[in-house]
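Worksheet: one structure, shown below.
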Amino acid sequence: MHTPAIIHRGTEDYASTFAAMRAFTDSRDRDTPDELWIVEHPPVFTLGLGADPAHVLNPHGIPVVQTDRGGEVTYHGPGQVIIYLLMDLRRNRPGARVFAREFVHKIEQAVIDTLAAYNLAGERKAGAPGIYLSGNGPWQGAKIAALGLKVRGNGCTYHGVSLNVAMDLTPFSWINPCGYEGLATVDMKTMGIEAPLQEVQLALAGNLTNLLKA
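Going by the UniProt record's numbering, the sequence shown wraps up at 214, each residue one higher than the last.
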């Protein structure tokens, strides 16, 4: 794949970004450059295609939006890095289905590498997409990043990854995050990392670019 262009969309409501992702994917052709969209959303709960709405315990007035990504319910809000990956997995790669697994692995690795730059150790969990804190502290096993994608039949992707930087984490307690009752969710600030959101946005985008480029 070619190096994706990085697009800064600023703060944008989820519905607008969702519509724009689908429109971009609908209109792209084999020569359309890949893009990474960096965005921050006002508070919103989003449901994956197979999500059980019962995992939204009490939205407390926060919008709940049905999407077409994989996964269960998650929360997006201020202080969270969100990067959407509008990529053509078949570009120079005939086995798109096989590569989709590699694609997810690289996204997770980009998050792990980003956390490592701030001396935080992240790890994968089998069967539970996203990144979790490792180590022996009180936040061991807490989720710090979520991942959800849509891969169309033509091998084009949208949706993406979110990393918690400095958030009000309370809304995570109003859902079963990713369908897991009682799953602890944490952000970098809780772990003692005071980093500007834009700095982490650029760090994660850079790591994604390095891992995903041809």
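Where is the CB? At the ideal position from N, CA and C, for every residue including glycine.
In this structure, how does DSSP classify residue i when only helix, strand and coil are distinguished?
{"i": "D168", "result": "coil"}
{"i": "M1", "result": "Low local confidence applies: a pLDDT of 48 at M1 is under 50, so the model's placement there is unreliable, and no value is given."}
{"i": "T209", "result": "helix"}
{"i": "V73", "result": "strand"}
{"i": "V98", "result": "Summary for V98: the model assigns pLDDT 49, below 50, so the residue's position carries little reliability; its value from the coordinates is reported in the next sentence. Note: V98 maps to helix in three-state DSSP."}
{"i": "Q140", "result": "coil"}
{"i": "I193", "result": "coil"}
{"i": "D13", "result": "coil"}
{"i": "I6", "result": "strand"}
{"i": "A116", "result": "helix"}
On the DSSP bridge list, what partners appear for residue i?
{"i": "S162", "result": "I82, A146"}
{"i": "L88", "result": "In the sequence under discussion, the amino acid at residue 88 is Asp, which differs from the Leu named in the question. Looking at the DSSP assignment, D88 forms a beta bridge with C156."}
{"i": "V104", "result": "In the DSSP output, where bridge partners are listed per residue, V104 has none listed."}
{"i": "V151", "result": "T157"}
{"i": "I175", "result": "V56"}
Quick one: using the 10 Å Cβ neighbour count with 16 as the cut-off for buried, is residue i buried or exposed?
{"i": "T3", "result": "exposed"}
{"i": "K143", "result": "buried"}
{"i": "H8", "result": "exposed"}
{"i": "P171", "result": "buried"}
{"i": "G130", "result": "buried"}
{"i": "H105", "result": "exposed"}
{"i": "Q201", "result": "buried"}
{"i": "L204", "result": "buried"}
{"i": "A117", "result": "exposed"}
{"i": "L89", "result": "buried"}
{"i": "P33", "result": "exposed"}
{"i": "D29", "result": "exposed"}
{"i": "D187", "result": "buried"}
{"i": "P177", "result": "buried"}
{"i": "S27", "result": "exposed"}
Locate the alpha helix (DSSP H) running through residue i, then write down its first and last residues.
{"i": "A184", "result": "Segment: none, A184 is in no alpha helix (DSSP H) and carries neither H nor E."}
Quick one: give me the first and last residue of the beta strand (DSSP E) that residue i is part of.
{"i": "residue 237", "result": "Only positions 1 to 214 of the chain appear in this structure, which leaves residue 237 out of reach."}
{"i": "P129", "result": "128-133"}
{"i": "E123", "result": "122-125"}
* Segments assigned alpha helix (DSSP H), at least 4 residues, entirely inside the stretch 15-69 -> none
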